[in-house]
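This report concerns only the one structure given below.
The structure is reproduced here in structure tokens:
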């Protein structure tokens with residue numbers, strides 16, 4: 001079993017994940033709107049086709065997962081540097 005991250009890593013992961021999630025959402029909505037399509041407001045938005053809603057959800061999930069991975073790895077690197085004093 002993996003060792004539990006220390007508090008510094010946990011805090012950095014939380015902060016970076018929140019920022020990455022916010023940025024990912026902004027990126028997806030920006031790319032989507034530039035493509036000329038309307039982003040769904042919620043699951044019951046009748047102005048968006050089912051196919052467009054599914055594609056938007058898949059894109060958002062992929063970008064969100066990549067952002068989460070980058071934030072987690074970045075937090076680990078930053079925590080190690082903080083511990084070493086660099």
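Numbering (UniProt numbering), first residue to last: 1 to 86. We treat Cβ as the ideally placed atom computed from N, Cα and C, and that holds for glycine. This one's a predicted model, so the numbers in the text were calculated from it and none came from an experiment.
Is it true that the CB of residue j sits closer than 9 Å to the CB of residue i?
i	j	result
residue 71	residue 20	yes
residue 60	residue 24	yes
residue 58	residue 45	no
residue 12	residue 64	no
residue 79	residue 5	yes
Along the chain, where does the alpha helix (DSSP H) containing residue i start, and where does it finish?
i	result
residue 35	Where residue 35 is concerned, there is no enclosing alpha helix (DSSP H), given that its DSSP letter is neither H nor E.
residue 44	Per DSSP, residue 44 belongs to no alpha helix (DSSP H) and is neither H nor E.
residue 48	Looking at the DSSP string, residue 48 is not in any alpha helix (DSSP H), and its letter there is neither H nor E.
Could you check how far apart the C-beta atoms of residue i and residue j are, in whole angstroms? I think they sit under 8 Å.
i	j	result
residue 82	residue 8	6 Å
Going by beta carbon distance, what residues of the same chain come within less than 7 Å of residue i, once the five residues before and after it are set aside?
i	result
residue 48	38, 40
residue 101	This structure gives no information on residue 101, because the portion of the chain shown stretches from 1 to 86.
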